[in-house]
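Asker: The structure follows.
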C-alpha cells in the first residue's frame with residue numbers, strides 16, 4: 001500500500017492518493033517550474049498509471065524524454081504522457097471540435113487528456129461559424145457524440161451553435177487566439193459564459209487539459 | 001436661406017447646416033437633458049425635414065407630444081419622429097434582424113431611424129443562434145437585403161453567422177441584454193468586434209439610432 | 001406533428017422543435033420582457049412537456065400564475081414550472097451544494113431545473129470553506145453523487161475543494177454575493193475558472209438555470 | 001464545378017464556396033499558424049480569384065513568396081496578394097485617411113484589401129486633429145469619397161470630426177498606437193464607439209483587413 | 001490669529017490654515033455626508049473668505065440655505081457659495097467650453113469655482129467636434145483666453161482639437177455623459193489622457209470643482 | 001458541551017465551534033439575507049459570547065433589536081452587538097484613523113469589531129494627506145499604538161504616509177468614497193496594495209469588520 | 001514666409017505652422033516609427049526653433065545624431081533636442097519632483113522639455129511619501145516654485161501631499177514603475193485622478209514630454 | 001550620530017533614519033534601477049544593520065556580490081541580504097505556507113525577509129486545496145504558529161481555508177502563477193480580498209518582501 005503523499009525534494013508533494021480518491025491521476029503543470037524540478041518529478045513517477053506533463057517548453061520536454069524514454073510527446077500540444085500507451089477506452093465517446101487552425105494546440109491537449117484518462121476520442125478542425133455549412137455538414141457526428149469539447153478563439157461563437165444542435169453536454173474552451181479588444185481570450189470567454197444555448201460548461205482560456213479532464217469525467221459510466 | 005447654427009436658450013446650438021453638409025438632419029439625444037430643455041428644442045424644430053428625438057423617458061415624450069401633436073411615437077423604441085410621415089424610400093433595402101425578444105427596443109430604434117432617413121425597412125425577430133435553423137429559414141431574405149443590421153445581446157454570436165451568409169455589409173449592434181460576466185453589453189460587443197466573418201461594422205451598445213443612421217448612409221445610392 | 005417553430009405575436013418564435021432535437025424543452029428567460037409578452041407566451045405553452053419561466057419579477061409571476069393555475073412557483077428562486085409535476089427521475093443523481101445562505105436562490109434555481117429536466121436532486125446549504133469541517137462532514141454524500149453543482153459567492157473557493165474530493169464532474173456557479181473588489185460575482189468567477197482542481201465546468205454568474213440544465217445533461221444515461 | 005470545402009492537411013478546410021456565397025474570396029489570417037501550415041495553404045490556392053495572406057511575419061512571407069513567385073507583397077502592411085494584379089475597379093471610391101505616421105501599416109492593409117476586392121482606392125496620411133487645418137485642407141476630397149476608412153490611434157478623435165463633415169459612411173479603425181492608460185488601442189476604440197457623429201461603424205483594433213473588406217462591400221454597387 | 005484646524009463635532013476638522021498655506025479656501029464635498037453633518041459645517045463657516053459646498057443633493061442644499069441665507073446657489077451645478085459675492089477678479093481670464101448640453105452642470109461647477117477663487121470667467125456651450133465649424137467660429141475667443149477648461153463626455157475629442165488651436169494650457173474634464181462601452185466617463189477620460197495635442201492636463205470624471213480650482217491657480221499672476 | 005454546528009432552519013449552519021477553534025466568535029453578515037432569516041438567526045444566538053450582526057439595513061436592525069433588546073446598535077456603522085457589554089480589553093491597543101468624514105461608517109465598524117473582540121480602541125477622524133500637518137500633529141499617538149487601522153477613500157494615500165511613520169503593523173481599508181475613474185473603492189484599493197511603505201496589509205473595500213477582526217488578532221498577546 | 005505644412009516622404013506632414021499658432025514647436029514622437037522615417041524627419045528639420053525627438057530607441061538615436069551632430073542627447077530620458085542650446089528662460093520656474101529613483105527617466109524627459117520650451121527648471125529626486133520628512137525638508141523650495149511637476153509610480157501618493165502644501169498648480173505624471181495589481185501605471189494614475197488635494201492636472205502614464213509641455217505653458221507669462 | 005538621509009549620487013536618498021523611526025531598515029527594490037545605480041547603493045550601505053536587495057536580475061546580483069562579498073544570496077528568491085548573518089530571532093514564530101511549487105520564489109522571499117528582520121521562520125510547500133488532506137495533515141503546525149504567511153496563485157483559495165482553521169493573523173500573498181482569465185495574479189488577489197474567513201490581510205501580487213515585513217512586524221513583541 002502506497003503513501004498518500006510522496007515528497008519530491010523540498011518543493012513538491014505528489015498527491016498519489018488522488019487516483020484512489022478521484023479515480024484520475026494527477027498531472028504535472030510545468031509552466032513556472034525549473035527544468036531541474038521537472039526532471040526530479042519525472043524521476044519520481046512510476047508506470048502504475050498514466051502521468052501527464054502539460055504546458056511544456058522545449059527544454060523541459062527534452063529533460064523529461066531523457067528520463068522517460070518511450071513516453072508519448074506531442075510538441076504542438078506541448079504534452080507528454082507516460083507510459084505512452086493509453087488505457088483501454090471505456091464510457092461514451094468524446095468529440096473535440098475546433099473553430100480554426102490556430103486553435104489546434106489546445107484542441108489536441110484536450111483530446112490527448114481525455115484519451116489518456118480512458119475515453120475514445122475524435123477531432124473535427126476548422127469549422128468556424130463564419131461558414132456555418134461546414135459545421136452543419138457534421139451534424140450527425142455531433143449528435144451521436146457522448147460529450148463535445150468545443151475550442152474557439154476570436155468571437156467564440158461556436159459553442160452556442162453546437163450547444164443548440166445536440167443533447168450532449170458541451171465543454172467550451174476559449175483560446176487566446178485573436179487580437180485587439182478582448183485579446184488573450186477574454187472575448188471568447190465572455191461569449192461562452194453568455195451562451196444563449198444552455199448546457200455549456202466553460203473552462204479557463206487555453207485550458208485544454210482541464211476540458212479534456214472534465215469531458216473524461218462526464219463520459220465515464 | 002437659413003442660418004447654419006440656431007441657438008436654443010443658452011444651452012444648445014442646433015446644427016441646422018447639417019442637412020446641407022451631411023445630407024441627414026440632426027437628432028436630439030434626450031438622455032441627460034431636462035424636460036424644459038427638451039421642450040424648448042421641440043418648440044424650435046420645424047417641419048422642413050424630419051427631426052428624431054431618441055432615448056426618451058415618459059415625461060420627456062409627453063412634453064414633446066404636447067408641442068408636436070401628430071408626431072410619430074414608439075414607446076418601446078423610446079423614439080419620436082416629427083413630422084410623422086417618413087420620406088419616400090430610396091436606395092437599397094435595410095433589413096433589421098434581432099436575436100431575442102428583449103433586443104426588440106433597440107432593433108426598432110434602428111428600423112425607425114433608417115426609415116425616417118429615407119430607406120425601405122423590414123424586421124425579423126427572435127432568430128438567435130441557439131436554434132440555428134430558425135435563422136437559416138430566412139436565408140433568402142438575408143441574401144437579398146441591401147444592408148443588414150444585426151442586433152444581439154448575450155453571446156452576440158448572430159452577426160458572425162449572418163455575416164458569413166451574405167455579400168451585403170452588416171452593421172452589428174450589441175445590446176445590454178444579459179447578466180453576469182460581460183454584462184451591460186460588453187460580452188456581445190467584444191464578440192462582434194472579434195467576428196470571424198469580415199464585413200461587420202460595430203456601433204456602441206444599445207445604439208440603435210447609430211446603427212440605423214449608418215445603415216441608411218450605406219443603403220443610399 | 002407540430003411545427004418546429006411557433007410564433008407568439010411578432011416578438012417571439014418558440015423553438016418547439018427543441019425537445020426533439022436536444023431532448024430538453026426551451027425555457028423562457030423573463031428578464032427584459034414586458035408583462036404582456038410573458039403573459040402571451042404563457043398562453044401559448046401546452047402541457048406536453050415542462051416549461052420553465054426563469055428570472056421572474058413579482059408582476060410577471062402573478063400574470064403567469066393567473067394563466068397557468070396549478071403551476072409550481074418558488075419565489076426565492078424566481079422560477080415557475082408548468083405543469084407542476086416533475087418527470088419521473090432517471091439517470092444518476094444531482095447534488096447541489098452552496099457556500100452561504102445568500103447563495104440559496106441560485107442554488108434552488110439549479111436544483112429545480114435539474115429536477116424538472118428529469119433528475120433526482122438534493123441540496124446541502126451553508127458549507128463554506130472558512131469552516132472546512134462543515135464540508136468534510138458531508139464527504140460521503142459528496143463522493144456518491146453523480147454530478148455536483150457547487151454554488152458560491154465571495155471567494156468562490158468551494159468548487160476547488162469539492163472538486164479535489166470526488167470523481168464526479170463539478171458544475172460551478174459563481175454568485176453575485178459579495179462586495180468591493182471583484183463585486184458582482186467577478187471574484188468567484190475568476191476563482192472557479194482558475195480552480196487548481198481539474199474537472200470543474202463554470203457557468204455564468206448567478207446562472208442557476210444553466211447549471212441545472214448542464215447537470216441534468218451530464219446526469220442523463 | 002468546384003467542391004464547396006477544400007481540405008488542407010488535417011488542419012484547415014478552405015471555404016471555396018465563399019466567393020459564390022458572399023461574392024468575396026476568403027483571406028488567410030497567418031498569425032498563430034506555423035510556417036508549414038502557411039506553406040501548405042499557399043500550395044493549395046489557385047489563381048481563379050485573389051487570395052490575401054494577412055498578418056504575416058517575415059518567415060511566413062518568405063515561404064509564401066517562394067511558393068507563389070510574382071505575388072504582391074507589402075512588408076509594412078504585412079500582406080501578400082496572389083495573383084498580384086488587382087481586379088478592375090468597380091463601385092464607388094474608397095478613401096483611407098490616417099491620423100499619424102505610425103498608423104500607416106494598418107491604413108495600407110485596409111487600402112490593399114479594398115483594392116484587391118475590386119475598388120478604386122486612395123490614401124491621405126498624417127492629418128490628426130491636433131492640427132485640424134491639415135484635415136480641413138482636404139475637405140473636398142473627403143466629401144467626394146464613396147466610403148471613408150479612418151485609421152487612428154492615441155485619442156482616436158479623427159472619425160468624429162470626419163464623420164461630421166461628410167455624407168458618406170465612415171469605417172473607423174482604432175490602432176494600437178499609443179501607451180499608458182487605454183494602451184493597446186482601447187482608448188481609440190472607446191472613442192470611436194462613442195463618436196458624437198452618427199454614421200461611424202467600428203472594426204477591431206488594428207483590423208485593417210476587416211475595414212478594407214467592409215469598405216469594399218459598402219462601395220459595391 | 002485663528003487656529004490652523006477647527007474641529008466640527010467629532011467628525012470633521014476644517015483646515016482653516018489652508019488659505020494661508022495654499023492661498024485658496026477649503027471646499028466642502030457633500031456627497032456621502034449626512035444632512036446633519038453638512039448643517040453643522042455650515043454653522044461653523046465664517047464670511048472671512050468664500051466657502052464652496054459642492055455635489056449637493058436637494059435636502060443638503062435646503063439645510064445650508066437655511067443656515068446661510070443669501071448664499072449663492074446654482075441647482076444645476078449643485079453648488080453653494082457663501083458669501084454670495086465673488087472676489088474682485090485678478091489674473092488672466094478663464095474660458096470654459098463644453099461639448100454638449102448635457103455637460104453643462106459640470107461646466108458650470110468649473111466656472112463658478114474659478115469665479116469664486118478670484119478669476120474672470122466665460123462659457124461657450126454645445127460646440128462638439130461633430131460640427132467642427134461651430135467650434136472654429138469661436139477661434140479668436142479661444143486664442144485670447146488665459147486658460148481654457150474643456151468639458152466633454154461621449155468621445156471626449158474636444159480637448160485635442162482645442163489644444164491644437166491655442167497656446168494657453170487646457171484643463172480637460174471628462175463627464176459621465178454617454179452610455180455603452182466606456183460609460184460613466186471612462187471613454188472621454190481615456191481620450192483626454194491620450195490627447196495627440198500636448199498641453200492638456202486632465203482631472204477626474206465630472207470633477208468640475210477640481211478643474212475650476214486648477215484653472216484659477218494657473219490663471220493667477 | 002455544545003455541538004460544533006448549530007443548524008438554523010434549512011438555510012444556515014452556525015459554526016459554534018469557531019470560538020474554540022479560532023478564539024473568536026462568528027459574525028452574521030446580513031447583506032443578501034431576508035428579514036426572516038436574520039430574525040431566525042437572532043433567535044438562535046445565546047449570550048455566552050458576543051455575536052456581531054454587520055451590514056444591516058433598517059428593517060433587519062429593527063427585527064434584531066426586537067429579538068435581542070438591550071443589544072448595542074450603531075446605525076452609522078450598520079452594526080449590532082449582543083450582548084452589549086464588550087469583553088474586558090486585553091492585548092495591545094488598536095488605533096483607527098480615517099481620512100475623511102465620509103469614511104466614518106467604515107472606521108466605526110472596524111473600531112466596534114475590535115472592541116467586541118476584546119481590544120482597547122480609539123479613533124482619529126478627518127486627517128487626510130492634503131493637509132499633512134493635521135496628521136503629523138498626531139505623530140506621537142500614532143507611534144504608541146499597537147496596531148493601526150487606516151481607513152481612506154479617494155486617493156487612498158493615507159496608509160503609505162502612516163506606514164512610513166510607525167513600527168506597528170498597519171491594516172488598510174479602502175472605502176467606496178469617491179467617484180469617476182476608480183470609483184467604488186478601486187482607486188484607494190490599488191493605492192494601498194502598491195503602498196511604497198512596507199508593513200501594510202489590505203482588506204476588501206468597505207470591509208471595516210474584516211479590518212477590525214484582523215487588528216484584534218494582531219493586537220492579541 | 002514658410003508653408004504651414006511641410007511633407008516628409010508620403011508618410012508625414014510636419015505642422016510647421018504650429019509655432020505661429022501655438023507658440024511651441026512640434027515634437028517627433030519616435031515610438032512606432034521606422035529608423036528610415038525618423039532619419040528622413042531629422043533631415044527635414046531646421047535650426048530656426050528647437051525640435052525634440054522623444055521616446056527614442058538606441059538605433060533611432062544613433063541615426064538622428066548622425067544627421068544632427070551636436071544635438072543634445074540624454075539616453076536615460078530617451079530624448080534628443082536640436083539645436084542643443086535651449087532658449088533663454090522666461091516665465092516662472094518649473095520644479096520637477098520625483099518619488100523614486102526608477103521614476104527618473106520620466107522626470108528628466110519632463111525637465112528637458114520644459115527647459116527647451118523656454119523655462120528655468122530644477123529637479124528633486126527620491127522623496128517618496130513613505131519617508132515624509134524627506135519631502136518636508138524641501139517645503140520652502142516647493143512653495144517658491146511657479147509650477148510643480150510631480151512624477152511617481154507605485155502608490156502615486158506624492159501629488160496629493162505636494163498639492164496640499166503649495167499654491168502653485170501641480171502637473172502629475174504617473175509612471176509605469178510598480179507591479180502586480182494596477183501595474184503599468186494604472187494604480188498611480190487612479191490615485192492622482194482621485195487626489196484629495198485640488199489643483200492637480202494629470203497627464204498620461206510615463207508622459208514626461210506632455211507634463212513638461214503643459215508646465216511650460218502654465219509657467220509662461 | 002548619523003544623518004537621517006544619506007544621498008547616493010543625484011538619484012537616491014537612503015532613509016537611514018528609518019531604523020530609528022520604524023525599527024526596521026530600508027530595503028532596496030532593484031527592478032527598474034540600472035546596474036550602476038544598484039552598485040553605487042551597494043557601496044553606500046554599511047553593516048550596522050541588515051540591508052535587503054530585492055527583485056534582482058542576474059547582472060545586478062553579480063554586481064552587488066562583487067561589492068559585498070559574503071552576503072547571503074538566494075537566486076530563486078532573487079534576494080541578497082548583507083550582512084549574511086540574520087539577527088537573533090525574537091517575537092513569535094512566522095510560518096510560510098505555499099500552495100504550489102511555482103509559488104516557492106515568492107514564499108522564500110517572504111521567509112528570508114522575516115528572518116532578516118529578526119523572526120524565527122519555517123516553510124510548508126505544495127499544500128494546495130485541491131488535495132485538502134495534505135493541508136489538514138499540518139493542522140497542528142498551523143495552529144501553533146504566531147503569524148502565517150499564505151502564498152498562492154491560480155484560484156488563491158488557500159488563505160480562506162487556513163484562516164478558518166487558526167486564531168493567528170494571516171498575511172495573504174497572491175502570486176502571478178496562472179494564466180487565462182485573471183492572469184497575472186488578479187484572480188488570487190480578488191479571491192483573497194473576498195476571503196470568507198476574516199483575519200486575512202492581503203499584500204500586492206508577488207510581494208513576498210512586503211508579506212515578510214508585515215509578518216515580522218506582527219510577530220514582534
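Protein chains in written order, with the UniProt record's numbering: chain S, 1 to 221; chain U, 1 to 221; chain G, 1 to 221; chain D, 1 to 221; chain X, 1 to 221; chain C, 1 to 221; chain H, 1 to 221; chain F, 1 to 221. From the three backbone atoms N, C-alpha and C, an ideal C-beta is built for every residue, glycine too.
Just to confirm before moving on: does the CB-CB distance between residue 64(U) and residue 53(U) stay below 8 angstroms?
Answerer: Within the second chain, the letter at position 64 stands for residue 64(U). Within the second chain, the letter at position 53 stands for residue 53(U). It is a contact, given that the beta carbons lie within the stated cut-off.
Asker: Provide the residue(s) that pair with residue 80(G) in DSSP beta bridges, ordered along the chain.
Answerer: The count along the third chain starts at 1 and reaches residue 80(G) at position 80. Partner(s): 53(G), 73(G).
Asker: Closer than 9 angstroms by beta-carbon distance: list the chain H residues that pair up with residue 128(C), in chain order.
Answerer: Taking the first residue of the sixth chain as 1, we reach residue 128(C) at position 128. Result: 160, 164, 196, 197.
Asker: Between which two residues does the beta strand (DSSP E) harbouring residue 7(F) extend?
Answerer: Start at 1 with the first residue of the eighth chain, and residue 7(F) comes out as number 7. That run of the beta strand (DSSP E) goes 6-8.
Asker: Grouping DSSP H, G and I as helix and E and B as strand, with all else coil, what is residue 218(H)?
Answerer: To locate residue 218(H), count along the seventh chain from 1; it is residue 218. In the structure shown, residue 218(H) sits in a helix (DSSP, three-state: H, G or I).
Asker: Do residue 122(F) and residue 159(F) have their beta-carbon atoms positioned less than 8 angstroms apart in this structure?
Answerer: The residue given as residue 159(F) occupies position 159 in the eighth chain. The residue given as residue 122(F) occupies position 122 in the eighth chain. The answer is no: Cβ separation not under 8 angstroms.
Asker: Tell me which same chain residues have a C-beta within less than 6 angstroms of the C-beta of residue 5(D), skipping the five on either side of it?
Answerer: As a first step, residue 5(D) must be located in the fourth chain, where it is residue number 5. Cβ within range, chain order: 13.
Asker: Bridge partners of residue 174(C), per DSSP?
Answerer: Working through the sixth chain from its first residue, we reach residue 174(C) at position 174. Answer is 152(C), bridged to residue 174(C).
Asker: Consult DSSP for residue 147(G) and reduce its assignment to one of helix, strand or coil.
Answerer: Counting from one through the third chain, the residue named residue 147(G) turns up at place 147. Strand.
Asker: Going by the CB atoms, is the gap between residue 80(X) and residue 107(X) shorter than 8 angstroms?
Answerer: Counting from one through the fifth chain, the residue named residue 107(X) turns up at place 107. Counting from one through the fifth chain, the residue named residue 80(X) turns up at place 80. Contact flag unset, no.
Asker: Measure the C-alpha to C-alpha separation of residue 202(D) and residue 150(D) and round it to an integer number of angstroms.
Answerer: Walking along the fourth chain from the start, residue 202(D) turns up at place 202. Walking along the fourth chain from the start, residue 150(D) turns up at place 150. Cα to Cα, the separation comes out at about 10 angstroms.
Asker: Counting only C-beta atoms, is residue 185(D) closer than 8 angstroms to chain S at any point?
Answerer: Position 185 of the fourth chain, counting from 1, holds the residue named residue 185(D). Cβ-Cβ to chain S under 8 angstroms: yes for residue 185(D).
Asker: Are the CB atoms of residue 94(U) and residue 216(U) nearer to each other than 8 angstroms?
Answerer: Along the second chain, one-based indexing puts residue 94(U) at 94. Along the second chain, one-based indexing puts residue 216(U) at 216. Closer than 8 angstroms, so yes.
Asker: For residue 68(H), tell me which candidate among 140(H), 45(H), 146(H) has the shortest Cα-Cα distance.
Answerer: Numbered from 1 along the seventh chain, position 68 holds the residue referred to as residue 68(H). Comparing Cα positions, the closest option is 45(H).
Asker: On the DSSP letters alone, give me the boundaries of the alpha helix (DSSP H) that residue 104(G) sits inside.
Answerer: In the third chain, the residue the question calls residue 104(G) occupies position 104. Element bounds for residue 104(G): 104-116.
Asker: My guess is that residue 212(G) and residue 114(G) are in contact by the Cβ rule of under 8 angstroms, so how many angstroms apart are they, rounded?
Answerer: Within the third chain, the letter at position 212 stands for residue 212(G). Within the third chain, the letter at position 114 stands for residue 114(G). Contact holds; Cβ gap of about 4 angstroms.
Asker: Terminal residues of the continuous alpha helix (DSSP H) containing residue 40(X)?
Answerer: Residue 40(X) sits at position 40 when you count from the first residue of the fifth chain. Where residue 40(X) is concerned, the enclosing alpha helix (DSSP H) stretches over 35-44.
Asker: Just to confirm, does residue 34(S) get its C-beta within under 7 angstroms of one of the non-hydrogen atoms of the ligand SAM?
Answerer: As far as ligands go, the structure on display features none, and thus does not contain the ligand SAM.
Asker: Which first and last residues belong to the beta strand (DSSP E) in which residue 200(D) is found?
Answerer: Translated into positions along the fourth chain, residue 200(D) becomes position 200. Residues 200-202.
Asker: Counting only C-beta atoms, is residue 12(H) closer than 8 angstroms to chain E at any point?
Answerer: As a matter of chain content, chain E is missing from the structure shown, whose protein chains are S, U, G, D, X, C, H and F.
Asker: Using a Cβ-Cβ distance under 8 angstroms, would residue 79(G) count as near chain F?
Answerer: Within the third chain, the letter at position 79 stands for residue 79(G). Cβ-Cβ to chain F under 8 angstroms: no for residue 79(G).
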